[in-house]
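A.B. asks: Protein chains in written order, with our numbering: chain A, 921 to 1215; chain B, 6 to 668.
Backbone N, C-alpha and C fix where the C-beta goes; we use that ideal spot for every residue, glycine too.
There's a structure below that I have some questions on.
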């Protein structure tokens, strides 16, 4: 029953992004019929002696009751995991052939990832960019971080053209520890250029995950008559014949996707193609499955 | 090249529709935003040009479809040499031999023109000669032997029928259908307006027929005629008669005419009358008391006008004694006789003299001497009378059976056989008439018998008889049954006012009068008819009994075979006919030409022109000379329109079909 709430059109009718994220994650987890303890760092790692300044929420009070000593419970992820989402908010992400635009879908996806991370007490951060860095929420696991992230997501709107260099330079400047970097974009740029820009992040030990968000109309255009198309970012105009859109364009977009996927895997990155016409849990399921394999 | 209906070219304005639609479609495609054109290639624009070309092809096909339809309706034609199209053509020479062609030299002129036209026809062309009036007769079958056609034309004489162009058009349509090729019809006629049908569509000719009208009369002729003579055909009593004649002036100026009533060759009375232009007038004469026998009379106009043949109208009148009819009833039943005889007397039907009798008197009754016999609720008949009565009816006589208590006691219908289903006592109160066959002569113009109550009706099965009246519960009340050559009418109640109150209602008198006239056969004796009328000679099924018809010239019109088998005879000529019908009844009647033939005025020129153009795009003058003929192009244009429609469907189907999406 909860599966139907993962449909993008249903999610679009939920105004608040935190509810969207909760609906997606809880619905998704409820559909797994197994333990939700996978993905980030839910597994117990060690006890550490309390030192002043530590967050009292993590004190194991059972141990204190037995030993009258304060120990903190530490989990594996707390030591090395921070999720940073780079959200492409360029003009092309505002394209929609149905009710949910690519940017909306990307927001749902990012919110779900943040909700998952917060649920497991992992640090999470956000960088919203188009041809410049438009918003930054530094990674943190503190109380209220989820609200800040979701608020930043709410504010994100389709902007101008895409430039991958600036957000990654910013990321490199502020990336102090290894973590997970998720890039959510439609990647309308030459794949070699995209990968070249992201490679330094990978070299610093962080894991890179590319979420390639595309609209069904971009994957399978269904024109029945010649159309004058206007590029959402460059405003370039071009008259396109239906036969071309049905045949050659499809081959080209599939080639583009295949090239991006292959180059990403060669560079040790994860690549996920996200179709905004399909339920959101498919992307999450694939992502978490891969993450589980890595743990 | 030319157009027969150029106003249909206005349909070309419809060409604007596809143009507008195509422009609209283009305007309906605004620029559409797409995420990125990175993967599109500018050089593919050539495909769009191909699309535009397809659009233009679609537009051209749609315009061609509409233009071809508009042009086809405009009926374009091209003129081709007549000689080239003469091969395989049938030339029909149609001559009008109606009564009006007797006027002046009309017939002579028609023959002369026909022979002249025949001389112009090429030796390879087949010629057919027909004559038409109210019917069409073939005088010479289609053949290249023009001598036969020439002889038929020369031998043709005017008849006395009424001309009908509708019949001619019907015949030409049949000829064209049989010939399966072009037909050129030359029609030689006086173009009477009364020959035109009420509906122009009856004159329509197929495209294969081209019509050329040759007028046999060039100017209107003033004419006066006796249109009708109103006089009874049979007189049963010694009394003076009024003869009313209607005169018509088909003339543009008034005239003073002498009108004479002639009887048996003797002028009885003469009147001077002023006849106004284009009006009818009536003249009334008084006939003296007539002697027994047949009298031949006429009303005529003197002096003769330009068309003397129609200046008189014949009529026949005969003086006979009333025919006896027998009313047979039980001695105790006086009421039926009282009501029935009084009703017949009140009706004024002098042709019937009613006699009453009771079964006790039966041995002395000879049914054959009566016009009809009424069996009013008779309990039973002596064996001899029953046998004689049956033989009388089967040989053409008539009987009328009324059923009442005495019949119910007998339990069967008697003369016609068959059981009675009830004695009539089971009616709870009374019933009224539910159904009445007003088309039967016995029940004409009598309303629905409203208010008539039937208290006692004897139910019987009428079998295959024609039921003329039923009660509201469906019980048959009156039915007619054939019996040999005669007829029997069964009334399931009585003529008194006990079983019903019919005798107390006004409808009883006409009911008795019309039924008596019907059974006596009085309706079958018209005084005069028009030429080409059909006169019935015998009742249906009465074969083997000879009939005889002697025509105006004293000749017998029926062969021996026809005399015993023919059911009717057509009166082809004007004059007096002596008829002896199969039932043994003799009569003399007069046949006159249809009065409409006396109107010699021509049909309007517009109507004639329209008829001349109704065939295969023919123009009368050009065709008469045989120089050039018009060949219609509408079929070609319709084929073009069909091809354009098919092409348009194919191109549009290819263009707009959406291929299945690969998922």
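Determine the extent of the beta strand (DSSP E) in which residue 1190 of chain A is found, giving its start and end residues.
C.D. replies: Within the first chain, residue 1190 of chain A is the residue found at index 270, counting from 1. Counting along the chain, the beta strand (DSSP E) containing residue 1190 of chain A begins and ends at 1190 to 1195.
A.B. asks: For a contact meaning CB atoms closer than 7 Å, what does residue 1176 of chain A contact in chain B?
C.D. replies: The residue labelled residue 1176 of chain A in the question sits at position 256 within the first chain. Within 7 Å Cβ-Cβ: 44.
A.B. asks: For residue 36 of chain B, would you say it is in contact with chain A, using Cβ-to-Cβ distances shorter than 8 Å as the test?
C.D. replies: Counting from 1 along the second chain, the entry for residue 36 of chain B is found at position 31. Closer than 8 Å: yes.
A.B. asks: Are the beta-carbon atoms of residue 290 of chain B and residue 266 of chain B separated by less than 8 Å?
C.D. replies: Within the second chain, numbered from 1, the residue matching residue 290 of chain B stands at position 285. Within the second chain, numbered from 1, the residue matching residue 266 of chain B stands at position 261. Yes, the Cβ-Cβ distance between residue 290 of chain B and residue 266 of chain B is below 8 Å.
A.B. asks: Going by the beta-carbon positions, is the gap between residue 315 of chain B and residue 602 of chain B smaller than 8 Å?
C.D. replies: As a first step, residue 315 of chain B must be located in the second chain, where it is residue number 310. As a first step, residue 602 of chain B must be located in the second chain, where it is residue number 597. Against a cut-off of 8 Å, the Cβ pair of residue 602 of chain B and residue 315 of chain B comes out as a contact.
A.B. asks: Since residue 77 of chain B meets chain A, which of its residues come closer than 7 Å, beta carbon to beta carbon?
C.D. replies: Position 72 of the second chain, counted from the first residue, corresponds to residue 77 of chain B. Chain A residues near residue 77 of chain B: none, gap ~33 Å exceeds 7 Å.
A.B. asks: Mapping DSSP to helix, strand and coil, what is residue 643 of chain B?
C.D. replies: Residue 643 of chain B sits at position 638 when you count from the first residue of the second chain. Here residue 643 of chain B sits in helix by DSSP.
A.B. asks: Here's the rule I'm using: 16 or more other beta-carbon atoms within 10 Å means buried, otherwise exposed. How should residue 394 of chain B be labelled?
C.D. replies: By one-based count along the second chain, residue 394 of chain B stands at place 389. It is buried - the Cβ of residue 394 of chain B has at least 16 other Cβ atoms within 10 Å.
A.B. asks: Using the beta-carbon of each residue, which ones in chain B are nearer than 7 Å to residue 1156 of chain A?
C.D. replies: Here the question's residue 1156 of chain A lines up with position 236 in the first chain. Neighbours of residue 1156 of chain A on chain B, chain order: 42.
A.B. asks: What is the C-beta distance between residue 599 of chain B and residue 535 of chain B, in whole angstroms, given that I count them as a contact (C-beta under 8 Å)?
C.D. replies: Start at 1 with the first residue of the second chain, and residue 599 of chain B comes out as number 594. Start at 1 with the first residue of the second chain, and residue 535 of chain B comes out as number 530. With a Cβ gap of about 5 Å, residue 599 of chain B and residue 535 of chain B count as contacting.
A.B. asks: Could you give the distance in angstroms between the alpha-carbon of residue 1009 of chain A and the alpha-carbon of residue 41 of chain B?
C.D. replies: The residue you call residue 1009 of chain A lines up with position 89 of the first chain. The residue you call residue 41 of chain B lines up with position 36 of the second chain. Between residue 1009 of chain A and residue 41 of chain B, the C-alpha separation is close to 14 Å.
A.B. asks: From B/162, B/365, B/163, B/139, pick the residue whose C-alpha is nearest to that of residue 174 of chain B; which is it?
C.D. replies: One-based indexing of the second chain puts residue 174 of chain B at position 169. Closest by alpha carbon: B/139.
A.B. asks: Less than 8 Å between the C-beta atoms of residue 1095 of chain A and residue 1121 of chain A, yes or no?
C.D. replies: Taking the first chain and counting its residues from 1, one reaches residue 1095 of chain A at position 175. Taking the first chain and counting its residues from 1, one reaches residue 1121 of chain A at position 201. Taking 8 Å as the Cβ cut-off, residue 1095 of chain A and residue 1121 of chain A qualify as a contacting pair.
A.B. asks: On the DSSP letters alone, give me the boundaries of the alpha helix (DSSP H) that residue 575 of chain B sits inside.
C.D. replies: Counting from 1 along the second chain, the entry for residue 575 of chain B is found at position 570. No alpha helix (DSSP H) contains residue 575 of chain B, which is instead part of the beta strand (DSSP E) from 573 to 575.
A.B. asks: Within the same chain, show all residues whose beta-carbon is closer than 8 Å to that of residue 515 of chain B, passing over the 5 residues directly before and after it, in chain order.
C.D. replies: Position 510 of the second chain, counted from the start, is the residue given in the question as residue 515 of chain B. Cβ within range, chain order: 352, 450, 451.
A.B. asks: Going by alpha carbons, who is nearest to residue 319 of chain B out of B/580, B/609, B/10?
C.D. replies: Within the second chain, residue 319 of chain B is the residue found at index 314, counting from 1. Taking only the C-alpha atoms, the option nearest residue 319 of chain B is B/580.
A.B. asks: Classify residue 240 of chain B as helix, strand or coil using the three-state DSSP reduction.
C.D. replies: For the purposes of this step, residue 240 of chain B is identified with residue 235 of the second chain, where counting begins at 1. It is a strand residue.
A.B. asks: Taking Cβ positions, are residue 17 of chain B and residue 653 of chain B nearer each other than 8 Å?
C.D. replies: For this step, residue 17 of chain B is matched to residue 12 along the second chain. For this step, residue 653 of chain B is matched to residue 648 along the second chain. The answer is no: Cβ separation not under 8 Å.
A.B. asks: With residue 377 of chain B as the anchor, note down where its alpha helix (DSSP H) starts and where it stops.
C.D. replies: In the second chain, counting from the first residue as 1, residue 377 of chain B sits at position 372. No alpha helix (DSSP H) holds residue 377 of chain B; DSSP gives it neither H nor E.
A.B. asks: Figure out for me which residue from A/1027, A/1198, A/967 has the closest Cα to the Cα of residue 981 of chain A.
C.D. replies: Numbered from its first residue, the first chain carries residue 981 of chain A at position 61. Residue 981 of chain A has its Cα closest to that of A/967, out of A/1027, A/1198, A/967.
A.B. asks: Does DSSP put residue 36 of chain B in a helix, in a strand, or in coil?
C.D. replies: On the second chain, position 31 is the one that residue 36 of chain B refers to. Coil, per DSSP.
A.B. asks: Looking at C-alpha atoms only, which residue of A/1168, A/1193, A/1169, A/1171 is the closest neighbour of residue 1180 of chain A?
C.D. replies: Within the first chain, residue 1180 of chain A is the residue found at index 260, counting from 1. Ranking the options by Cα distance to residue 1180 of chain A, first place goes to A/1193.
A.B. asks: At a CB-CB cut-off below 7 Å, which residues of chain A make contact with residue 205 of chain B?
C.D. replies: The residue you call residue 205 of chain B lines up with position 200 of the second chain. Under the 7 Å cutoff, chain A gives no residues; its nearest Cβ is about 52 Å from residue 205 of chain B.
A.B. asks: Classify residue 1031 of chain A as helix, strand or coil using the three-state DSSP reduction.
C.D. replies: On the first chain, residue 1031 of chain A is found 111 positions in, with the first residue counted as 1. Three-state result, residue 1031 of chain A: helix.
A.B. asks: Taking all protein chains shown into account, decide if residue 971 of chain A is buried (16 or more other Cβ within 10 angstroms of its Cβ) or exposed.
C.D. replies: Here the question's residue 971 of chain A lines up with position 51 in the first chain. Exposed is the call here.
A.B. asks: Determine the DSSP secondary structure at residue 1167 of chain A, reduced to helix, strand or coil.
C.D. replies: Position 247 of the first chain, counted from the first residue, corresponds to residue 1167 of chain A. Looking at residue 1167 of chain A - three-state DSSP - the assignment turns out to be coil, as it is neither helix nor strand.
A.B. asks: Ignore the nearest five residues each way along the sequence and tell me which others in residue 1011 of chain A's own chain have a CB closer than 8 Å to its CB.
C.D. replies: Taking the first chain and counting its residues from 1, the one referred to as residue 1011 of chain A is at position 91. The residues are 1050, 1078, 1079, 1080, 1081, 1152, 1153.
A.B. asks: Can you tell me the Cα-Cα spacing of residue 293 of chain B and residue 271 of chain B, whole angstroms?
C.D. replies: Translated into the one-based positions of the second chain, residue 293 of chain B becomes position 288. Translated into the one-based positions of the second chain, residue 271 of chain B becomes position 266. Using only the alpha carbons, I get a separation of about 12 Å.
A.B. asks: Could you check whether residue 473 of chain B and residue 442 of chain B sit closer than 8 Å to each other, using their CB atoms as the reference points?
C.D. replies: In the second chain, counting from the first residue as 1, residue 442 of chain B sits at position 437. In the second chain, counting from the first residue as 1, residue 473 of chain B sits at position 468. Closer than 8 Å, so yes.
A.B. asks: From the DSSP output, in three-state form, read off residue 1094 of chain A for me.
C.D. replies: Walking along the first chain from the start, residue 1094 of chain A turns up at place 174. Helix.
A.B. asks: Report yes or no: is there a C-beta of chain B within less than 8 Å of the C-beta of residue 1173 of chain A?
C.D. replies: Locating residue 1173 of chain A in the first chain gives position 253, where the first residue counts as 1. With 8 Å as the cut-off, residue 1173 of chain A counts as an interface residue toward chain B.
A.B. asks: Around the Cβ of residue 957 of chain A, are there at least 16 other Cβ atoms within 10 angstroms (buried) or fewer (exposed)?
C.D. replies: In the first chain, counting from the first residue as 1, residue 957 of chain A sits at position 37. Bear in mind that the predicted position of residue 957 of chain A carries a pLDDT of just 41, short of 50, making it unreliable; the figure below should be weighed with that in mind. So residue 957 of chain A counts as exposed.
A.B. asks: Run the CB neighbour count on residue 338 of chain B, radius 10 Å, all protein chains shown included, and call it buried at 16 or more, exposed below.
C.D. replies: Indexing the second chain from 1 puts residue 338 of chain B at position 333. Buried, since its Cβ has 16 or more Cβ neighbours within 10 Å.
A.B. asks: For residue 537 of chain B, count neighbouring Cβ atoms within 10 angstroms of its own Cβ and tell me buried if that reaches 16, exposed if not.
C.D. replies: For the purposes of this step, residue 537 of chain B is identified with residue 532 of the second chain, where counting begins at 1. Classification for residue 537 of chain B: buried.
A.B. asks: Using only alpha-carbon positions, find the residue among B/644, B/607, B/648 that is nearest to residue 194 of chain B.
C.D. replies: What you label residue 194 of chain B is simply residue 189 of the second chain in a count that begins at 1. Nearest option by C-alpha distance: B/607.
A.B. asks: If residue 1106 of chain A sits next to residue 1017 of chain A, beta carbons under 8 Å apart, how far is it from one beta carbon to the other, in whole angstroms?
C.D. replies: Translated into positions along the first chain, residue 1106 of chain A becomes position 186. Translated into positions along the first chain, residue 1017 of chain A becomes position 97. Incorrect: roughly 13 Å between the Cβ atoms, too far for contact.
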